[in-house]
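Single-structure report; data block below.
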Amino acid sequence: MERIILHSDLNNFYASVECMIDPGLKNVPLAVCGSKEERHGIVLAKNQIAKRLGIKTGEVIWQAKQKYPGLVTVSPHMEDYIFASKKVHAIYNRFTSFIEPYGIDEAWLDVTGSTHLFGNGEEIAHQIKETIKDELGLTVSVGVSFTKTFAKLGSDYKKPDAVTVISKDNYKDIVWPLPVEELIFVGRATRRKLNHMNIHTIGEMAQIDKQLMKSWFGIRGIWLWEFANGLDMARICTYGYEPPIKSIGRGITCMADLVNEYEVKQVIIDRAQRVSHSMRKHGFLARRIQISVKDINLAYREYQGKLDHVTQSWHELANAALDLFKKRYEWRCPVRAITVRAIDLVSVNYPDQVTLFDDQTQRNKTDCIEKTIEKIREMFGRTAIVPALLLKGSKVPVDSPAEKMRMPAAMYR
């Protein structure tokens, strides 16, 4: 039996919720924007009026204001968005238990087993769309297809408040003429490389040799080729399923640009502590460390390396991350954002390989100190005890809201 996959995309979600809360905003050009003070001063979402004026998601506030000085901006209200998202997911759950969220405002639904109750895929999509509109006052675009990739393209194809069906009969007419960057997981670097090979549309990519794609992009090239040809058989998990944790990372956009290694060290230590806290909470050790660096020109670089020992110690994670930074990063310009990520995770019971030259006594002392610090923070808060290095001049917010914020799916792309 052919699968029936829906992709649901709530239109201008943050802005729509703001208009739902304050109806007076419905008829003005509106943008929901991050904090200027904490360097998240970009447009997270905008309403249709602002969109018609050329305001774009992801652009900085001053650029948006240049386009239209009368643009109304509001700060995000995450509690309201999360509440609305849960209400929407409760509606999805009436039609199927196979729901896979993608960000706070998008989700895939497998309704293959629901057709005997609610009709075909297109009929189910219309029912979901109208139910959300009637009960919550929000509009949604829904793509209907036989793969997750094509369903996603369907929800993007026609907006707002629309349903698009991409079938085995019409996908070459609808999908193949689209630019390659419309396909999920084709970012700027991949698009540039494909364009350099004179591949500009999804159809052109679909018709080249699969092994050639593999030679260019590795296993990812195979995936993209399969996506373009409608061979994406990825499954959708049941509602509430939590996938296994494969890595734990914490990143931050700093309050001011980092201009030397000392400032970078402060940020890395802060991030490593948060990674370590999460690893202890979930019972993981890391075998490798990864650091991502974004400079003021938004150029993004990523480095990773093997740890000397499996560990969850923030001292060891921070030292390894800083060492990677010193060895690999070239100071072309100041740094804007840093992410520290523990990867290649194993259970806390994983046996460690030690040598005669390891100072295991000191490692045990450090671990004991870190566990004590964790207990103190649990009782009195994160700022009850902090490394002296972070007491003065740190460009990291004390308790960054960015860590708590779930972005619209568009912000992950």
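Position one of the sequence shown corresponds to residue 1 (UniProt numbering), numbered consecutively onward. Where is the CB? At the ideal position from N, CA and C, for every residue including glycine. Everything numeric in this text was worked out from a predicted model, so none of it was measured.
Practice prompt. Drop a sphere of 10 angstroms on the beta-carbon of C254, count the other beta-carbons inside from all chains shown, and report buried for 16 or more, exposed for fewer.
Written response: buried
Practice prompt. Out of A125, V17, K129 and D295, point me to the one whose CA is closest to L258's CA.
Written response: D295
Practice prompt. Please work out which residues of its chain come closer than 6 Å, Cβ to Cβ, to D352, disregarding the five sequence neighbours upstream and downstream, and give them in chain order.
Written response: H309 and V310
Worksheet item: In whole angstroms, what separates the C-alpha of K159 from that of M279?
Response: 41 Å
Discussion item. Below 8 Å on the Cβ atoms is my contact criterion, and I expect K46 with A15 to pass it. Report the Cβ-Cβ distance as a whole number of Å.
Written reply: 6 Å
Fill in: Contact set for L224: own chain, Cβ-Cβ below 8 Å, skip 5 residues either direction
L183, F185, V186, T190, M205, M213 and F217
Item to complete: Note down the Cα distance separating N48 from C237, rounded to an integer number of angstroms.
Response: Checking the sequence shown, residue 48 turns out to be Gln, not Asn. Going from the Cα of Q48 to the Cα of C237 covers about 33 Å.
Item to complete: Using the DSSP secondary-structure output, state which residues sit across from F150 in a beta bridge.
Response: Answer is none; F150 lacks a bridge partner.
Discussion item. By the three-class DSSP mapping on this structure, what secondary structure does Q211 have?
Written reply: helix
Item to complete: Find the nearest neighbour of K51 within the set R271, D323, A31 and G221, judged by alpha-carbon distance.
Response: A31
Practice prompt. Output the boundary residues of the beta strand (DSSP E) element that contains H309.
Written response: Y300 to T311
Worksheet item: Unbroken alpha helix (DSSP H) runs of length 4 or more, entirely within the stretch 56-130: which are they?
Response: 61-67, 78-95 and 115-118
Worksheet item: Does the Cβ of T96 have 16 or more other Cβ atoms within 10 Å, making it buried, or fewer, making it exposed?
Response: Buried, because 16 or more other Cβ atoms sit within 10 Å of the Cβ of T96.
Item to complete: Hey, could you find the ends of the alpha helix (DSSP H) M279 is sitting in?
Response: E261 to H282
Worksheet item: Leaving out the 5 sequence neighbours to the left and right, which residues in its chain are closer than 6 Å to P401 when beta-carbon positions are compared?
Response: With a pLDDT of only 41 at P401, under the threshold of 50, the placement of this residue in the model should not be trusted; the figure read from the coordinates follows. Nothing listed; no residue qualifies.
Discussion item. Could you compute how far the alpha carbon of S8 sits from the alpha carbon of F146?
Written reply: Answer to the nearest angstrom: the Cα atoms are 14 Å apart.
Worksheet item: M1 to D173, Cα distance in whole Å?
Response: 23 Å
Fill in: Cutoff 7 Å; reference A321; Cβ partners in own chain excluding five residues on either side
Hits under 7 Å: I268, A272, I289, I291 and V340.
Practice prompt. Decide if the stretch 365-382 is in contact with the stretch 323-340; the criterion is three or more beta carbon pairs, one per stretch, under 8 Å apart.
Written response: Taking a cut-off of 8 Å on C-beta distances, the stretch 365-382 does not touch the stretch 323-340, as fewer than three cross pairs fall below it.
Discussion item. Distance check for N12 and I82, CA to CA, integer angstroms please.
Written reply: 14 Å
Worksheet item: Quick one: is G137 buried, meaning 16 or more other Cβ sit within 10 Å of its Cβ, or exposed?
Response: Flag for G137 reads exposed.
Worksheet item: If we count the other Cβ atoms within 10 Å of its Cβ and call it buried at 16 or more, is T372 buried or exposed?
Response: exposed
Discussion item. Tell me the residue span of the beta strand (DSSP E) that contains G188.
Written reply: The sequence shown places Arg at residue 188, rather than the Gly named in the question. No beta strand (DSSP E) holds R188; the alpha helix (DSSP H) holding it covers R188 to H196.
Fill in: Sequence-distant residues of the same chain with beta carbon closer than 8 Å to F227, five excluded per side
T147, T149, L183, I184 and F185
Practice prompt. Would you give the residue range spanned by the beta strand (DSSP E) that residue 414 belongs to?
Written response: Nothing can be reported for residue 414: it is not among the residues displayed for the chain, which extend from 1 to 413.
Worksheet item: Under a three-way DSSP split, which group does G249 fall into?
Response: strand
Worksheet item: What did DSSP end up calling D156 once you bin it into helix, strand or coil?
Response: helix
Worksheet item: What's the gap between the Cα of E261 and the Cα of V335?
Response: 10 Å
Fill in: Which of helix, strand or coil DSSP assigns to A402
With a pLDDT of 40 at A402, under the threshold of 50, the modelled position of this residue cannot be trusted; read the value that follows with caution. A402 falls in the helix class under three-state DSSP.
Worksheet item: Using CA coordinates, which residue listed in S155, K392, V396 and M20 is at the minimum distance from A125?
Response: It is S155.
Worksheet entry | Through-space distance from E135 to C19, alpha-carbon basis | 15 Å
Worksheet item: Out of R94, M78, L53 and K375, which has the shortest C-alpha to C-alpha gap to V72?
Response: L53
Worksheet entry | For N170 and Q211, the rounded distance between their alpha carbons | Their backbone Cα atoms lie some 26 Å apart in a straight line.
Practice prompt. Please check the pair G34 and I42, which I expect to be a contact at CB under 8 Å, by giving their CB distance rounded to whole angstroms.
Written response: 6 Å
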